[in-house]
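K.L.:
Just passing along the structure, written as structure tokens.
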Amino acid sequence: MSTMARSIRAKVTRQGERPVLLDIRSSTLLIVFTVAMAIFTDLFPYAVIVPVLPYALPERTGVPRDSVQRWMSVSLAAFGASVLVFSPIWGVLADRIQSRRAPMLAGLFLLGASTLLLTLMNSVAMMVAGRVLQGMTGALTWAVGLALVVDTVDPKHIGQAMGWIGTSMSWAALSAPLLGGVVYGKGGWYQVWAMCYALIAGDIVLRFVIIEKKRAKKWQTVESEPVSRSTTDDKEKEQSSSQSADRDPEASLTPAPGTGQVTLGGILRMLKNPRLIAAFWGCVVESSIQTAFDAIIPLQVETLFGWDSIGAGLIFLPFIIPTFLSPVAGSLGDRYGAKWLTTFGFFLSTPFLICLRFVSENTIQHKVMLCGLLFGIGLGITCTMGPLMAEISWSMKDNRKESQLEREPIALAYALYNVAYAVGCMVGPLLGGFIRDQHGWPTVGWALAILTSFTGVTQLLWIGGPLKLRSQRLAPTAEAL
12 MSTMARSIRA
22 KVTRQGERPV
32 LLDIRSSTLL
42 IVFTVAMAIF
52 TDLFPYAVIV
62 PVLPYALPER
72 TGVPRDSVQR
82 WMSVSLAAFG
92 ASVLVFSPIW
102 GVLADRIQSR
112 RAPMLAGLFL
122 LGASTLLLTL
132 MNSVAMMVAG
142 RVLQGMTGAL
152 TWAVGLALVV
162 DTVDPKHIGQ
172 AMGWIGTSMS
182 WAALSAPLLG
192 GVVYGKGGWY
202 QVWAMCYALI
212 AGDIVLRFVI
222 IEKKRAKKWQ
232 TVESEPVSRS
242 TTDDKEKEQS
252 SSQSADRDPE
262 ASLTPAPGTG
272 QVTLGGILRM
282 LKNPRLIAAF
292 WGCVVESSIQ
302 TAFDAIIPLQ
312 VETLFGWDSI
322 GAGLIFLPFI
332 IPTFLSPVAG
342 SLGDRYGAKW
352 LTTFGFFLST
362 PFLICLRFVS
372 ENTIQHKVML
382 CGLLFGIGLG
392 ITCTMGPLMA
402 EISWSMKDNR
412 KESQLEREPI
422 ALAYALYNVA
432 YAVGCMVGPL
442 LGGFIRDQHG
452 WPTVGWALAI
462 LTSFTGVTQL
472 LWIGGPLKLR
482 SQRLAPTAEA
492 L
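Residue numbers for the sequence shown follow this note's numbering, beginning at 12 and rising by one.
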């Protein structure tokens, strides 16, 4: 009976046979799009209720109006704490598991559970628990997804690919509040979550469709090699062993060759690299700014301008528009390195953050001013996101021999990127919310401007290598990959 069952399963799943549309399903374009979509889908439920909570939280949980800012900041910080805790765990596991696709499929379960919990939310505890689950699935998808992109994309085009990933992250973090506010104002609470379930359905299809390039090569190599009589026996043995290993490659939990050689000493040596630390610090500040705005902008426009959830969502539009340039920023990073782009981006954001203090009246001029300032800040962030993600890959490859690793632990590196992003997710809402409550809106801009100006200096000194070595490192950026 078991033999018959295995035979039927093999026929249904086409085990040992060339998968349908193999070239398309293993194409770089589809894999990068799938990872971008996965990250977008993970972040969308996190951000979609940002402009909604100030209005829905008192209604659904009974939280007093004067406590809304505190609980919004706490829920966002819970998400960041969850990413902080689980990112290293998922990163180590992902580097020890042969398939990148398998953990991405597992992340769908956590994504569905977190979305359902928030949909049915009727207490603060449910909201915080939902945010924690969102952090778990986000940590898993980001670490494994970004590692899959590095596995797939030509090293010379990593920056451009990360630019597209950065675009998806920005669009999720910034378009979700816009759509959430509008849909909540026109439809209601459950209509907001209907958008999330539609995205999850599409994400499920894409995650099942893709085939990793390292798996696709097993069929492509066999088809490209001529079969001669003298090598027939050897090829039959090779094909037999390949089929036995590939009966269920997505479910394989055996360590991939060279990926399980991650030691604590190697990780510590990796973290001593100033270039990598500077990239992580840039990610902390970048996410701090984004999540600080998530926590304070909806309440600020409600208090100052008297806007409802629709206005609170639409105000994020100026912040979104510059993200169209993320792939361009990534391509420039591939060509010229990340140093000057990230330095320019953080320094560009600084004066716009300082000028937020001048938005203080309920007039058309001040509303236009706020939109312009948010556009400038968004443009600065766009210049940093893709190059910083690519810089992590570049610095890991350059630092591999020094860390004495058999190969660079890419999933772990991007798990540490998630840790940096998570620290920003915790610091941003708490810092922004606390400063606004205790010292007022004008001080928020000053505090964030201090962060960006200091970070611009760190990027100038260490991103891409020490500043004095920049002339030596600029040319071999692609060769070092």
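Glycine included, each C-beta is placed from N, C-alpha and C at the ideal position. Remember, it's a predicted structure, so these values are computed and weren't measured experimentally.
Check for me: the alpha helix (DSSP H) holding Gly-505 runs from which residue to which?
P.N.:
Nothing about residue 505 can be reported from this structure: the residues present for the chain run from 12 to 492 only.
K.L.:
Whole angstroms is fine: what's the gap from Val-143's alpha carbon to Met-132's?
P.N.:
Here residue 143 corresponds to residue number 132 of the sequence shown, with the count starting at 1. Here residue 132 corresponds to residue number 121 of the sequence shown, with the count starting at 1. Each residue's Cα considered, the two are about 14 Å apart.
K.L.:
Is the region 434-447 in contact with the region 81-88, if contact means three or more CB pairs nearer than 8 Å?
P.N.:
Verdict: yes, contact present.
K.L.:
With 16 as the cutoff for other CB atoms within 10 Å, does Lys-167 come out buried or exposed?
P.N.:
As a first step, residue 167 must be located in the sequence shown, where it is residue number 156. It is exposed - the Cβ of Lys-167 has fewer than 16 other Cβ atoms within 10 Å.
K.L.:
Would you call the CB atoms of Gly-118 and Thr-72 closer than 8 Å?
P.N.:
Counted from its first residue, the sequence shown places residue 118 at position 107. Counted from its first residue, the sequence shown places residue 72 at position 61. No. Outside cutoff.
K.L.:
Figure out for me which residue from Phe-357, Leu-40 and Phe-291 has the closest Cα to the Cα of Gly-391.
P.N.:
Position 380 of the sequence shown holds residue 391. Among Phe-357, Leu-40 and Phe-291, the Cα nearest to that of Gly-391 belongs to Phe-357.
K.L.:
List the endpoints of the continuous alpha helix (DSSP H) containing Asp-34.
P.N.:
If you number the sequence shown from 1, residue 34 lands on position 23. Where Asp-34 is concerned, the enclosing alpha helix (DSSP H) stretches over 33-36.
K.L.:
Have a look at Met-83 and Ala-187 and give me their C-alpha separation to the nearest angstrom.
P.N.:
Position 72 of the sequence shown, counted from the first residue, corresponds to residue 83. Position 176 of the sequence shown, counted from the first residue, corresponds to residue 187. Going by the C-alpha atoms only, they are around 16 Å apart.
K.L.:
Anyone know if the C-beta pair for Met-173 and Ala-401 falls short of 8 Å?
P.N.:
Walking along the sequence shown from the start, residue 173 turns up at place 162. Walking along the sequence shown from the start, residue 401 turns up at place 390. Yes.
K.L.:
Any Cβ of chain D within less than 8 Å of the Cβ of Phe-51?
P.N.:
Looking at the structure shown, chain D is missing, and only one protein chain is on hand.
K.L.:
Please identify the residue among Phe-327, Val-468, Thr-45 and Ala-426 whose C-alpha is closest to the C-alpha of Val-216.
P.N.:
What you label residue 216 is simply residue 205 of the sequence shown in a count that begins at 1. Of the candidates Phe-327, Val-468, Thr-45 and Ala-426, the one whose C-alpha sits nearest the C-alpha of Val-216 is Thr-45.
K.L.:
Quick one: what's got a C-beta closer than 7 Å to Gln-470's C-beta in the same chain, skipping five residues either side?
P.N.:
Here residue 470 refers to the residue found at position 459 of the sequence shown. Excluding residues within five positions, the ones whose Cβ falls inside 7 Å are Ala-289, Gly-293, Lys-350, Thr-353, Thr-354 and Phe-357.
K.L.:
By a C-beta neighbour count over all protein chains shown, 10 Å radius and 16 as the cutoff for buried, is Phe-330 buried or exposed?
P.N.:
Stepping through the sequence shown from its first residue, residue 330 is reached at position 319. Burial call: buried.
K.L.:
Are three or more beta carbon pairs between the region 362-378 and the region 446-466 nearer than 8 Å?
P.N.:
Judged by Cβ distances under 8 Å, the region 362-378 makes contact with the region 446-466, as three or more pairs qualify.
K.L.:
Look at the alpha carbon of Trp-405 and the alpha carbon of Val-430, and state the distance between them as a whole number of angstroms.
P.N.:
Along the sequence shown, read from residue 1 onward, the residue named residue 405 stands at position 394. Along the sequence shown, read from residue 1 onward, the residue named residue 430 stands at position 419. Trp-405 and Val-430: Cα-Cα distance of roughly 18 Å.
K.L.:
Please go through the same chain and pick out, in chain order, the residues whose beta-carbon is closer than 6 Å to the beta-carbon of Val-220, but skip the five residues on each side of it.
P.N.:
As a working note, residue 220 is residue 209 in the sequence shown. The answer, listed in chain order, is Arg-36.
K.L.:
Using a Cβ-Cβ cut-off of 6 Å (strictly less than) and excluding sequence neighbours within five positions of Cys-366, which residues of its own chain qualify?
P.N.:
Position 355 of the sequence shown holds residue 366. Result list for Cys-366: Leu-384, in chain order.
K.L.:
Taking only runs that begin and end inside the region 304-351, name each unbroken alpha helix (DSSP H) of 4 or more residues, in chain order.
P.N.:
Segments of the alpha helix (DSSP H) lying fully in the region 304-351: 320-325, 328-331 and 337-347.
K.L.:
Within its chain, find whatever has a CB closer than 6 Å to the CB of Gly-387; leave out the 5 residues flanking it on each side and keep chain order.
P.N.:
Counting from 1 along the sequence shown, the entry for residue 387 is found at position 376. Same-chain partners within the cutoff: Phe-363.
K.L.:
Please state if the CB of Ile-307 and the CB of Arg-447 are separated by a distance shorter than 8 Å.
P.N.:
Working through the sequence shown from its first residue, we reach residue 447 at position 436. Working through the sequence shown from its first residue, we reach residue 307 at position 296. Closer than 8 Å, so yes.
K.L.:
For Ala-262 and Ser-464, I'd like the C-alpha separation in whole angstroms.
P.N.:
For the purposes of this step, residue 262 is identified with residue 251 of the sequence shown, where counting begins at 1. For the purposes of this step, residue 464 is identified with residue 453 of the sequence shown, where counting begins at 1. Residue placement at Ala-262 cannot be trusted, given a pLDDT of 40 that sits under 50; what the coordinates show is reported in the next sentence. Looking at the two C-alpha atoms, the distance is approximately 47 Å.
K.L.:
Between the Cα of Lys-229 and the Cα atoms of Arg-81, Leu-442, Asp-34 and Val-193, which residue gives the shortest distance?
P.N.:
Residue numbering aside, residue 229 sits at position 218 when the sequence shown is read from its first letter. It is Asp-34 whose Cα lies nearest to the Cα of Lys-229.
K.L.:
Given a threshold of 16 other Cβ atoms within 10 Å of its Cβ, counted over all protein chains shown, does Pro-62 qualify as buried or as exposed?
P.N.:
Taking the sequence shown and counting its residues from 1, the one referred to as residue 62 is at position 51. Burial call: buried.
K.L.:
Might you give, ordered along the chain, the residues of its own chain that have their beta carbon closer than 8 Å to the beta carbon of Leu-462, omitting 5 neighbours on each side?
P.N.:
As a position in the sequence shown, residue 462 is number 451, starting the count at 1. Here the set comprises Val-296, Ser-299 and Ile-300.
K.L.:
With the cut-off set at 8 Å, would you say Ala-323 and Trp-200 are in Cβ contact?
P.N.:
Counting from 1 along the sequence shown, the entry for residue 323 is found at position 312. Counting from 1 along the sequence shown, the entry for residue 200 is found at position 189. No, the pair does not count as a contact, with Cβ atoms beyond the cut-off.
K.L.:
Taking the alpha-carbon positions, what's the Asp-305 to Ala-58 distance?
P.N.:
Translated into the one-based positions of the sequence shown, residue 305 becomes position 294. Translated into the one-based positions of the sequence shown, residue 58 becomes position 47. Approximately 8 Å between the Cα atoms of the pair.
K.L.:
Less than 8 Å between the beta carbons of Gly-496 and Pro-398, yes or no?
P.N.:
For residue 496 there is no data in the structure shown, the boundaries of the chain being 12 and 492.
K.L.:
Closest by CA to Val-94, which one among Tyr-428, Thr-314 and Gly-123?
P.N.:
Mapped onto the sequence shown, residue 94 falls at position 83. Per the Cα distances, Tyr-428.
K.L.:
Given Trp-182, which residues of its chain have a CB within under 8 Å of its CB, disregarding the five upstream and five downstream residues?
P.N.:
For the purposes of this step, residue 182 is identified with residue 171 of the sequence shown, where counting begins at 1. Closer than 8 Å at the Cβ level, and outside the excluded window around Trp-182, lie Phe-51, Ile-331 and Thr-334.
K.L.:
Report the residue from Trp-204, Leu-328, Met-180 and Ser-360 whose alpha carbon sits nearest the alpha carbon of Pro-56.
P.N.:
Here residue 56 refers to the residue found at position 45 of the sequence shown. Of the candidates Trp-204, Leu-328, Met-180 and Ser-360, the one whose C-alpha sits nearest the C-alpha of Pro-56 is Trp-204.
K.L.:
Quick check on Asn-373: does DSSP put it in helix, strand or coil?
P.N.:
To locate residue 373, count along the sequence shown from 1; it is residue 362. Here Asn-373 sits in coil by DSSP.
K.L.:
In the DSSP assignment, find the alpha helix (DSSP H) that holds Lys-197 and state where it starts and stops.
P.N.:
As a working mapping, residue 197 is identified with position 186 in the sequence shown. First-last of the alpha helix (DSSP H) with Lys-197: 169-197.
K.L.:
Taking Arg-286 and Ile-169 to be in contact with their CB atoms under 8 Å, please state how far apart those CB atoms are, rounded to whole angstroms.
P.N.:
For the purposes of this step, residue 286 is taken as the residue at position 275 of the sequence shown. For the purposes of this step, residue 169 is taken as the residue at position 158 of the sequence shown. Arg-286 to Ile-169, Cβ: 15 Å. No contact.
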